[in-house]
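For reference, each letter of the sequence shown is one residue, going 89 to 348 in this note's numbering.
No residue lacks a Cβ here, since even glycine has one placed at the ideal position from N, Cα and C.
For reference, the structure discussed in these notes is given below.
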Amino acid sequence: MRNSSFPVQGDGVIVTGAARGIGAATVANLVAQGIHVIAADSNGELLQETLKKIDPSGALTVAVTADVTSEAECQKIANAAAARGVRIKGLVNNAAVGAFNMSVEKTSYDEWQRIISINLTSIYLMSKYALPLIRSAGGGAVINISSIHAFATSTAVAPYAAAKGGVLALTRTMALDLAPDNIRVVSIHPGATNTAMLQDHADREGKTVAELGFPASDNAIGRIAEPEEVADVIAFALSRGASFITGSSITPDGGILAKF
Ligand SMILES: NC(=O)c1ccc[n+]([C@@H]2O[C@H](COP(=O)([O-])OP(=O)(O)OC[C@H]3O[C@@H](n4cnc5c(N)ncnc54)[C@H](O)[C@@H]3O)[C@@H](O)[C@H]2O)c1
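What follows is the structure, given as structure tokens:
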């Protein structure tokens with residue numbers, strides 16, 4: 089018998105980092121299924137613009153301008169979700185920042201703490217305040233967006249890789265703690281994806297994405313992912329089809345980790 093650890097039409101899901109990229113594509117995917125989305129991002133202006141395009145009537149989305157490194161602002165997101173008046177059946181911890189040119193010695197302590205705070209601690213904080221809502225809805229799913237950097241990595245991404253590895257381990261322990269409450273916890277580990285995070289980095293370096301070290305030939309499929317392809321995986325991990333998946337990771341990487 090299947091559990092009820094997944095949202096269906098009319099239920100609500102919180103998505104962080106929803107203003108652009110993989111987060112925005114996830115909002116669009118969920119709205120197309122008739123799921124209410126509590127969409128949070130620190131860039132409130134861009135978030136409003138994005139939601140206007142995805143959900144012009146505003147019937148299925150609510151925008152919350154919030155920084156997920158702040159405990160009070162994570163509580164604000166959870167309060168907005170509770171106020172929506174629907175069953176909150178999911179949380180997608182997606183917000184993060186890229187961090188390049190950062191070996192241990194090149195990274196100041198302030199930078200280290202900032203990146204760990206956005207890319208790892210925020211998942212603890214946001215989950216802490218969203219879980220009571222999901223529990224009271226009879227269960228659901230928490231989807232943590234990590235990266236292939238949790239498994240294999242490259243030079244000069246010390247705080248990013250450390251945070252993403254932490255997300256993998258945090259996912260496992262959360263899954264064990266929350267299984268009795270019918271709450272599944274899954275990590276998603278995308279490979280290079282065509283979003284502003286990657287493009288901004290290429291622009292800063294004055295290089296193309298391929299010159300940055302993501303040549304099309306690097307993975308088996310021969311191109312980087314589109315954000316909608318990662319959003320499809322997130323939507324699957326949230327869904328009824330994933331009702332027996334918890335504590336594990338899904339890796340939409342085009343086959344890059346399969347190679348020597
Ligand atoms: N793009 C890639 O190649 C790639 C690969 C692997 C994993 N990922 C992961 O996927 C997720 C989404 O990445 P993306 O490429 O869509 O990034 P993106 O930079 O395009 O979007 C991230 C969003 O998060 C928001 N955000 C950042 N810090 C925040 C904070 N403190 N509080 C609230 N919102 C905040 C930003 O404003 C932005 O809208 C991230 O967890 C990222 O690490 C991305």
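- For the set G301, D143, R90, the Cα lying nearest the Cα of A244 is the one of G301.
- Inter-segment contact for the region 189-204 and the region 127-136 is absent: fewer than three beta-carbon pairs are separated by less than 8 Å.
- With contacts defined by Cβ atoms closer than 7 Å, T209 and A246 do not form a contacting pair.
- Nearest neighbour of A184 by Cα position, chosen from T339, A218, Y248, A160, turns out to be Y248.
- Inter-residue distance for A257 and I222 is about 21 Å (C-alpha atoms, whole angstroms).
- Remark: the shortest separation between the CB of I233 and any heavy atom of ligand 1 falls under 6 Å.
- Given a length threshold of 3 residues, each whole run of the beta strand (DSSP E) inside the region 229-315 is given here in chain order: 271-276.
- Taking the Cβ of G343 as the reference point, every heavy atom of ligand 1 lies at 6 Å or farther away.
- Within 10 angstroms of the beta-carbon of Y217 lie 16 or more other beta-carbons, which makes it buried.
- Selection Q121, A113, S92 evaluated against G98 yields Q121 as nearest (Cα-Cα).
- A127: member of the beta strand (DSSP E) spanning 124-129, first to last residue.
- Collapsing the DSSP output to three states places G100 in a strand.
- Put simply, the backbone Cα of L326 is about 24 Å away from that of K140.
- Collapsing the DSSP output to three states places I333 in coil.
- Excluding its 5 nearest sequence neighbours in each direction, I165 has C-beta neighbours in its own chain below 8 Å: I102, T104, I126, A128, V152, A154, V156, M214, Y217, A218, listed in chain order.
- Rounded to whole angstroms, the Cβ separation of S93 and R272 is 5 Å, and the two are in contact under 8 Å.
- Bounds of any alpha helix (DSSP H) do not take in T195, whose DSSP letter is neither H nor E.
- Taking C-beta atoms as the reference points, I211 and N182 fail to come closer than 7 Å.
- If you ignore the 5 residues before and after I312, its C-beta comes within less than 8 Å of the C-beta of G279, A280, T281, N282, L286, V297, F302, A304, G342, all in its own chain and listed in chain order.
- When G227, G186, T114 are compared, the shortest CA-CA separation from A290 is found for G186.
- The residues R260, A263, in chain order, have a CB closer than 6 Å to that of G335 in the same chain once the five nearest residues on each side in sequence are set aside.
- Set against 6 Å, the gap from the CB of V115 to the closest heavy atom of ligand 1 is not smaller.
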